[in-house]
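Residue 397 in this note's numbering sits at position 84 of the sequence shown, and the numbers go up by one each step. Heads up, the beta-carbon is just placed ideally off N, CA and C, and yes, glycines get one too. Every value quoted in this text rests on a predicted model; they were computed, and no experiment measured them. Okay, structure first, notes after.
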Amino acid sequence: MEDAGNQVIIDTDILVDVLRGLEKPVTFIAELERKGLTLSTTVINAFELYYGACKSTKKLQNLTATRKLLEQTVILNMTHKSAEKAGEIHAELEAKGQPIGIRDVMIGAIALIKGYPLITRNTHLQKIEGLNLITAP
Numbered sequence: 314m315e316d317a318g319n320q321v322i323i324d325t326d327i328l329v330d331v332l333r334g335l336e337k338p339v340t341f342i343a344e345l346e347r348k349g350l351t352l353s354t355t356v357i358n359a360f361e362l363y364y365g366a367c368k369s370t371k372k373l374q375n376l377t378a379t380r381k382l383l384e385q386t387v388i389l390n391m392t393h394k395s396a397e398k399a400g401e402i403h404a405e406l407e408a409k410g411q412p413i414g415i416r417d418v419m420i421g422a423i424a425l426i427k428g429y430p431l432i433t434r435n436t437h438l439q440k441i442e443g444l445n446l447i448t449a450p
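Okay, structure coming up:
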């Protein structure tokens, strides 16, 4: 695990709300920046944002907004270590009869390996043992 330092990972649900201009998430993210935290997300979250933009009725507008947002955000990649961790988590949750979506497992694994908190409102991520979750407004 790396030193968490001042970096956080922002999950897709929060980024979508920021793209929509919703006041509480926008204010929350601005406050994190004022505190000097480095805002990051994962390549999986970036995929989810681009996927949503591509299937929307305002594709070009949403792609432009997504690109602009992601250009200002550190994008964390999947590594061999995070892939292995994701496989372990997914197998454990399935064995317990508590599976969650594979993309969420990968996002959680990246956060665990990096040692960064994950900002989300997705409560099912609590099933990932040891994951530091911050609930956003």
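* Closest by CA to Lys394, which one among Ile420, Ile447 and Phe341? -> Nearest option by C-alpha distance: Ile420.
* Asked: Going by other Cβ atoms of all chains shown within 10 Å of its Cβ, with 16 needed for buried, is Asn390 buried or exposed?
  -> The residue in question, Asn390, is exposed, as its Cβ has fewer than 16 Cβ neighbours within 10 Å.
* Does the separation of the CB atoms of Ala399 and Ala422 fall below 8 Å? -> Closer than 8 Å, so yes.
* Asked: At a cut-off of 7 Å, is Gln374 close to the ligand HEM when judged by its beta-carbon and the heavy atoms of the ligand?
  -> For the ligand HEM, the structure offers nothing, since it holds no ligand at all.
* Straight-line gap, Arg333 to Ile327 (C-alpha atoms, nearest Å) -> Each residue's Cα considered, the two are about 10 Å apart.
* Residues of its chain near Gln374, where Cβ-Cβ distance is below 8 Å and the 5 sequence neighbours each way are ignored -> Excluding sequence neighbours, Gln374 sits near nothing in its chain.
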